[in-house]
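Numbering (the working numbering), first residue to last: 2 to 526. Cβ atoms here follow ideal geometry from the backbone N, Cα and C, with glycine treated the same way. For reference, the structure is listed below as structure tokens.
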């Protein structure tokens with residue numbers, strides 16, 4: 002009798018997210034101490050204001066001119082909202098660290114659940130690990146420009162880091178992120194709180210300062226209506242094709258909001274705060290991202306000079322050249338440009354740290370359900386800090402392997418970006434489609450519930466994801482040569498084929514999706 006009273010009291014005092022986790026068959030293992038603000042900080046840091054836009058701004062601007070780039074952000078933000086709302090509803094019902102693949106397993110039902118969770122888990126794992134690589138590469142690219150402008154310029158004998166040093170910077174960032182992720186969760190959360198303020202304040206500084214400093218600014222008609230195809234540089238003369246490619250910067254930037262879902266087992270009131278963090282991240286990044294694109298585009302001094310290999314930044318990084326032209330034009334100094342580039346670089350650093358956190362949580366969750374080779378190794382938690390440190394270093398090692406072609410291949414970033422986007426965003430499609438087709442009576446709704454609106458919202462979200470994944474498989478330059486070939490289709494085709502072959506030959510016999518680790522006396526939750 003006393004025992005039952007204690008259990009009842011424990012249930013009443015239990016956090017709502019932990020209670021729902023127990024109902025799903027999982028016991029609380031990770032520390033549940035993150036507030037809504039901390040979860041939002043990590044989710045926002047994973048999306049980040051600068052890290053998606055900055056590295057792809059130059060190519061997207063080149064494809065079809067400023068109007069397509071500017072309005073593309075608005076279009077992509079609109080459709081991203083459908084994906085975010087669909088995911089928020091599912092997150093409210095399933096607040097678990099495994100998030101996407103856990104959702105896929107339960108929404109697809111007992112017959113298709115194991116296959117759905119298998120596909121979703123591997124897509125998400127590939128996308129997140131490649132996401133670490135995108136941050137490391139873009140961070141190294143920004144650091145390369147900082148070093149170049151700090152030691153002079155491309156015209157004045159400045160030091161342009163060669164490929165071997167670029168690779169060392171890439172590896173160095175990856176190792177630092179892995180090292181920091183072995184510390185207590187409070188340290189990572191504190192850094193991510195700094196990140197959100199850094200990006201908000203730093204974003205405001207850049208958005209406000211850059212157009213004011215620039216000696217001249219482009220007209221509104223140029224920014225919002227100028228459409229031009231650079232067929233000589235890209236080899237693409239088709240206007241619709243050029244517009245499709247110009248949207249890539251927005252499609253690459255506007256995802257990552259599922260980071261809040263990966264941390265739900267560590268978030269207080271996760272069934273409510275998880276969805277809020279997802280939707281808030283999308284809203285904030287949509288507004289700030291558009292403002293950042295407008296600030297860069299209005300501040301262009303000479304469009305053709307941005308891509309000149311003899312310019313001050315060696316034509317390697319268009320945003321850096323825009324910053325240099327603005328500050329050097331007014332003050333005859335590159336100091337201001339270097340400071341703003343440091344703000345952008347720090348954003349890459351924070352973003353890489355957050356993605357490493359998310360990637361490790363997904364590997365940990367999949368290993369906990371025996372979905373990886375040597376799962377017993379990767380699911381181990383650090384004895385002191387209670388974080389999945391082995392999973393962290395596995396992600397770092399694979400990320401480093403992805404970056405090794407930097408020494409020989411010129412399109413590494415294009416390939417890593419495509420792999421990241423297709424894997425990461427493609428992972429969203431599986432649970433959303435399962436939610437779309439499942440009988441409503443089988444869905445245990447959480448506090449955030451769409452009701453009858455779920456079918457049209459899920460349909461639009463699913464179709465948009467399919468479109469996004471398709472365009473990242475397209476060639477981005479013509480004619481197609483070894484230097485311009487987007488090898489993401491080959492890499493993904495081979496990798497995912499091996500994963501599915503493993504499923505058909507072996508994994509389907511033993512992989513059943515998420516494995517419960519709580520049982521009651523009668524064996525039921």
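So, do the region 250 to 261 and the region 52 to 72 have three or more beta carbon pairs nearer to each other than 8 Å? yes
Taking its Cβ as the centre, do 16 or more other Cβ atoms sit within 10 Å of residue 443, making it buried, or is it exposed? Position 442 of the chain shown, counting from 1, holds the residue named residue 443. Its Cβ having fewer than 16 others within 10 Å, residue 443 is exposed.
Using a Cβ-Cβ cutoff of less than 8 Å, which residues in the same chain neighbour residue 422 once the five nearest sequence positions on both sides are dropped? Residue 422 sits at position 421 when you count from the first residue of the chain shown. Here the set comprises 128, 252, 253, 256, 469, 470 and 473.
Return the chain-ordered list of same chain residues with a C-beta closer than 6 Å to the C-beta of residue 273, the five sequence neighbours on each side being excluded. One-based indexing of the chain shown puts residue 273 at position 272. Cβ neighbours of residue 273 beyond the five flanking positions: 448.
Tell me whether residue 274 sits in a helix, a strand or coil according to DSSP, three-state version. To locate residue 274, count along the chain shown from 1; it is residue 273. Three-state DSSP puts residue 274 in a helix.
How is residue 507 classed by DSSP in three states: helix, strand or coil? To locate residue 507, count along the chain shown from 1; it is residue 506. Helix.
Option in 462, 405, 487 and 459 with minimal Cα separation from residue 173: Numbered from its first residue, the chain shown carries residue 173 at position 172. Nearest C-alpha to residue 173: 405.
Excluding the five sequence neighbours on either side, which residues of its own chain have a C-beta within less than 7 Å of the C-beta of residue 417, listed in chain order? Numbered from 1 along the chain shown, position 416 holds the residue referred to as residue 417. Contacts found: 131, 134, 135, 138 and 403.
Residues near residue 310 by beta carbon distance below 7 Å, same chain, minus five either side: By one-based count along the chain shown, residue 310 stands at place 309. So the qualifying residues of the chain are 316.
One question on the structure: do residue 124 and residue 431 come within less than 9 Å of each other, judged by their Cβ atoms? Along the chain shown, one-based indexing puts residue 124 at 123. Along the chain shown, one-based indexing puts residue 431 at 430. Yes, these two residues count as a Cβ contact at 9 Å.
Would you grab the beta carbon distance between residue 327 and residue 300 for me? Rounded to a whole angstrom, and I think it's under 8 Å. By one-based count along the chain shown, residue 327 stands at place 326. By one-based count along the chain shown, residue 300 stands at place 299. Going by Cβ atoms, the distance from residue 327 to residue 300 rounds to 5 Å, so yes, they are a contact pair.
Can you look up residue 312 in the DSSP assignment and give me helix, strand or coil? Counting from one through the chain shown, the residue named residue 312 turns up at place 311. Correct three-state label for residue 312: coil.
When you compare the CB positions of residue 86 and residue 451, do they come within less than 9 Å of one another, or not? On the chain shown, position 85 is the one that residue 86 refers to. On the chain shown, position 450 is the one that residue 451 refers to. Taking 9 Å as the Cβ cut-off, residue 86 and residue 451 qualify as a contacting pair.
What is the rounded straight-line gap between the Cα of residue 227 and the Cα of residue 319? As a working note, residue 227 is residue 226 in the chain shown. As a working note, residue 319 is residue 318 in the chain shown. Distance between the alpha carbons of residue 227 and residue 319 is about 18 Å.
Roughly how far, in whole angstroms, is the beta-carbon of residue 407 from the beta-carbon of residue 413, given that I think they are within contact range, below 8 Å? Position 406 of the chain shown, counting from 1, holds the residue named residue 407. Position 412 of the chain shown, counting from 1, holds the residue named residue 413. Yes, they are in contact, since the Cβ atoms of residue 407 and residue 413 sit about 5 Å apart, within 8 Å.
List in chain order: all unbroken alpha helix (DSSP H) runs of 4+ residues lying wholly within the region 188 to 242. 221 to 226 and 232 to 235
Go ahead and pull the three-state DSSP assignment for residue 164. Here the question's residue 164 lines up with position 163 in the chain shown. Residue state, collapsed to three classes: helix.
From 73, 119, 75 and 92, pick the residue whose C-alpha is nearest to that of residue 505; which is it? For this step, residue 505 is matched to residue 504 along the chain shown. Nearest option by C-alpha distance: 119.
If you compare alpha carbons, which of 84, 77 and 177 is closest to residue 456? Sequence index remark: in the chain shown, residue 456 carries index 455 (1-based). If we check each option's Cα against that of residue 456, 84 comes out closest.
Could you check how far apart the C-beta atoms of residue 466 and residue 427 are, in whole angstroms? I think they sit under 8 Å. Locating residue 466 in the chain shown gives position 465, counting from the first residue. Locating residue 427 in the chain shown gives position 426, counting from the first residue. The pair is a contact, with the Cβ atoms about 7 Å apart (cut-off 8 Å).
Can you tell me whether residue 412 is helix, strand or coil according to DSSP? One-based indexing of the chain shown puts residue 412 at position 411. Of the three classes helix, strand and coil, the one that applies to residue 412 here is coil, per DSSP.
Sequence-distant residues of the same chain with beta carbon closer than 7 Å to residue 296, five excluded per side: On the chain shown, residue 296 is found 295 positions in, with the first residue counted as 1. Cβ neighbours of residue 296 beyond the five flanking positions: 207, 208, 211 and 212.
Cutoff 8 Å; reference residue 396; Cβ partners in own chain excluding five residues on either side: Residue mapping note: residue 396 aligns to position 395 of the chain shown, counting from 1. Hits under 8 Å: 129, 130, 133, 179, 357, 360, 361 and 364.
Would a C-beta distance cut-off of 9 Å place residue 148 and residue 161 closer than the cut-off? As a working mapping, residue 148 is identified with position 147 in the chain shown. As a working mapping, residue 161 is identified with position 160 in the chain shown. Yes, these two residues count as a Cβ contact at 9 Å.
So what does DSSP say about residue 371, is it helix, strand or coil? Taking the first residue of the chain shown as 1, we reach residue 371 at position 370. Looking at residue 371 - three-state DSSP - the assignment turns out to be coil, as it is neither helix nor strand.
Look up residue 389 in the DSSP assignment and say whether it is helix, strand or coil. For this step, residue 389 is matched to residue 388 along the chain shown. Here residue 389 sits in coil by DSSP.
For residue 436 and residue 163, I'd like the C-alpha separation in whole angstroms. On the chain shown, position 435 is the one that residue 436 refers to. On the chain shown, position 162 is the one that residue 163 refers to. Whole-angstrom Cα-Cα distance: 49 Å.
Can you grab the Cα-Cα spacing for the pair residue 377 / residue 248, in whole Å? The residue labelled residue 377 in the question sits at position 376 within the chain shown. The residue labelled residue 248 in the question sits at position 247 within the chain shown. C-alpha separation (whole angstroms): 42 Å.
Going by C-alpha distance, which of 390, 371 and 392 is nearest residue 511? Residue numbering aside, residue 511 sits at position 510 when the chain shown is read from its first letter. The candidate whose alpha carbon is nearest that of residue 511 is 371.
My assumption, with CB atoms under 8 Å, is that residue 192 sits in contact with residue 351. Please give the rounded CB distance. As a position in the chain shown, residue 192 is number 191, starting the count at 1. As a position in the chain shown, residue 351 is number 350, starting the count at 1. Indeed, because the Cβ distance is near 7 Å, the residues count as touching under 8 Å.
Report all residues from its chain with a CB closer than 6 Å to the CB of residue 507; omit the five preceding and five following residues, and keep chain order. In the chain shown, counting from the first residue as 1, residue 507 sits at position 506. Excluding residues within five positions, none has a Cβ falling inside 6 Å.
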